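For my numbering, count along the sequence shown from 1 and bump the result up by 33. Quick notes on the structure that follows.
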Amino acid sequence: MAEKPKSIWRSNLGVLSITSGLWMIGGNMTSPFWGLYVLYLGGSPFHIGLISAVSAILSLPTSLIGGHLADIISRKKLVYGLQFGLALNGVIYVLAPSWEWLLLARSIDSVISGLRNPAFSAFLADSTRAERRTMDYALWNSVTPLFGLVSPYLIGVLMDRYGIIPAQRLAYVVLMAIATVTALMRYKYLEDTTRVGGSLRLGFDALVRETWGELRETIHALSRRVRVLIVLGCLYAFAVSMAGIFAVTFAVEDVIHVASSDWGLVSMASTIIIVVSSVPLALLANRQGKRILVLASLLVTPLAILGFAYSTGLSQVIFFFSAITFLGNLGGIASQALFTDYFPKEHRGRINALMSVIGSTQNFSFSMMGGGIVGSLGNVVGGILYGQVSYSAPFIAAALVIA
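Written out as structure tokens, the structure is:
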């Protein structure tokens, strides 16, 4: 008698989707308002960019080591084990008395995430099926945001009523609890993917030498198509790193002056767009081709960014930010599948690490903030433009780079 096929929700992809979705309940209370938390703890626009840049730089060496580890030891252990560290680090966010403590917390986050993220990305790629990879990524993009749909609005209401700092401290408590629970769920329910042959040498020096040697091998093995995608990912990451971190301060504090709860509605509308559009866009990508959707997204996104930069009220903010979100989802689903199609499985961890270090994104979505070298540079440039030139300057510059 034939064995019944496993439900998608009991597969690795399903477990990752559900646990990442649960994380979004807390993550969507904090990430949309990150810039405000820095400002209200005594920081400036320059400090917002500085924190992002420093934390991105600190993730570089650990990303290289994490990519090496992801290809030779248990990806499952890296994914759930390091998440406990991220949960514990939440204590600093909750108790931070000034923006300098947020710099410390973000830096620790980046070191831990640098070790974990290559394994997570490779684990996710391993869990997709080649014959329906675009649909699998559509499932990922539509299910995970759904859990945190109302989180930005709820925390926005609390911020309007009780203040930015008390509400954000509560949000980080929620995020800590959820991060701990989802780490336990991943420990219990994930099945480790096939391990590539290799052994872990003891000793830091030996690990660094082996990491560097295999990274050079991976660079030489990159196909022309992968190199082109990496360059496009770098340009996009630089653009969103300049502008993305200042969207909330631009809309709430400095220019348009919408309420925090209104910005929560903007974030909620973006989530609805992602959930509703992901599967239809995946079907469109399979029918029309992934590259066409990526190019269409890159061509039209600059216009939507400029529209946001010149918005004068809540309705325009919702319209243009929703357009940015839809276009990002259009390109994001297709680009994620393209990258995975072109990456050989035996090098996925190291390629993901290489892209993390460079700062190239695999997801051409405005919500995916850049990291690495490119993201650090974008954060600093964006902070200077926002604080010294004009509030709209980072958005105009981002539109020009993507165009």
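Beta carbons are placed, not taken as given, at the ideal position from N, Cα and C, and that holds for glycine. Note that the structure is predicted; figures quoted are calculated from it, not measured.
- Residues of the same chain with a CB within less than 7 Å of the CB of A436, apart from the 5 flanking positions on each side, are P335 in chain order.
- In the structure shown, L331 falls within a helical segment according to DSSP collapsed to helix, strand and coil.
- Three or more Cβ pairs closer than 8 Å define a contact, and the segment 69-85 meets that threshold against the segment 415-429.
- Non-local C-beta neighbours of T63 in its own chain, meaning closer than 7 Å and more than five positions away in sequence, comprise Q201, A204, Y205, L208, ordered along the chain.
- A contact between stretches requires three or more CB pairs, one per stretch, nearer than 8 Å, and the segment 189-199 meets this requirement with the segment 290-307.
- For Y424, the CB contacts under 6 Å within the same chain, skipping 5 residues up- and downstream, are F283, D287, V288 in chain order.
- The alpha helix (DSSP H) runs of length 4 or more contained entirely in the segment 114-170 are, from start to end of the chain, 132-159.
- Judged by DSSP secondary structure, Y269 falls within the alpha helix (DSSP H) whose first and last residues are 257-276.
- Taking 8 Å as the cut-off, the Cβ atoms of I197 and L69 count as close.
- For V291, the secondary structure class from DSSP, reduced to helix, strand or coil, is coil.
- The closest CA to that of R324, considering only L371, F180, L93, is found on L371.
- If you look at G100, you'll find it in the alpha helix (DSSP H) that goes 78-105.
- For F352, the uninterrupted alpha helix (DSSP H) segment begins and ends at 347-375.
- Rounded to whole angstroms, the Cβ separation of I429 and L331 is 17 Å, and the two are not in contact under 8 Å.
- Scanning its chain for C-beta atoms nearer than 6 Å, with the 5 sequence neighbours on each side dropped, one finds around S409 the residues A86, A89, I90, in chain order.
- In this structure the segment 311-321 touches the segment 160-180; the number of beta carbon pairs closer than 8 Å is three or more.
- Straight across, the Cα-Cα distance linking G76 with I188 is about 21 Å.
- It is roughly 20 Å from the alpha-carbon of R260 to the alpha-carbon of A329.
- For F66, there is no enclosing alpha helix (DSSP H), since its DSSP letter is neither H nor E.
- In the DSSP assignment, G408 falls within the alpha helix (DSSP H) that extends over 405-417.
- Look at G420 here: in three-state DSSP terms it is helix.
- In this structure D142 is in contact with L119, their Cβ atoms being roughly 6 Å apart against a cut-off of 8 Å.
- DSSP places V183 in the coil class of the three-state scheme, outside both helix and strand.
- In this structure, P65 places its C-beta atom within 8 Å of the C-beta atom of W296.
- Boundaries of the alpha helix (DSSP H) around F428: 426-435.
- For T213, the uninterrupted alpha helix (DSSP H) segment begins and ends at 197-222.
- Using a Cβ-Cβ distance cut-off of 8 Å, the segment 148-156 and the segment 101-118 are in contact, since at least three pairs of beta carbons, one from each stretch, lie closer than that value.
- Around the CB of T251, 16 or more other CB atoms lie within 10 Å, so the residue is classed as buried.
- Spatial neighbours of T215 in its own chain (CB-CB distance under 6 Å, excluding positions within 5 residues in sequence) are listed in chain order as T52, L55, W56.
- Here the C-alpha atom of A367 lies approximately 10 Å from the C-alpha atom of T373.
- In the structure shown, L111 adopts helical secondary structure according to DSSP, grouped into three states.
- Contact annotation: I211 and G59 have beta-carbon atoms nearer than 8 Å.
- One alpha carbon belongs to L326, the other to T167, and they sit about 12 Å apart.
- In this structure, DSSP gives Y73 a helical state, which the three-state scheme calls helix.
- Measuring C-alpha to C-alpha distances from Y186 to each of S300, L433, L74 identifies S300 as the nearest.
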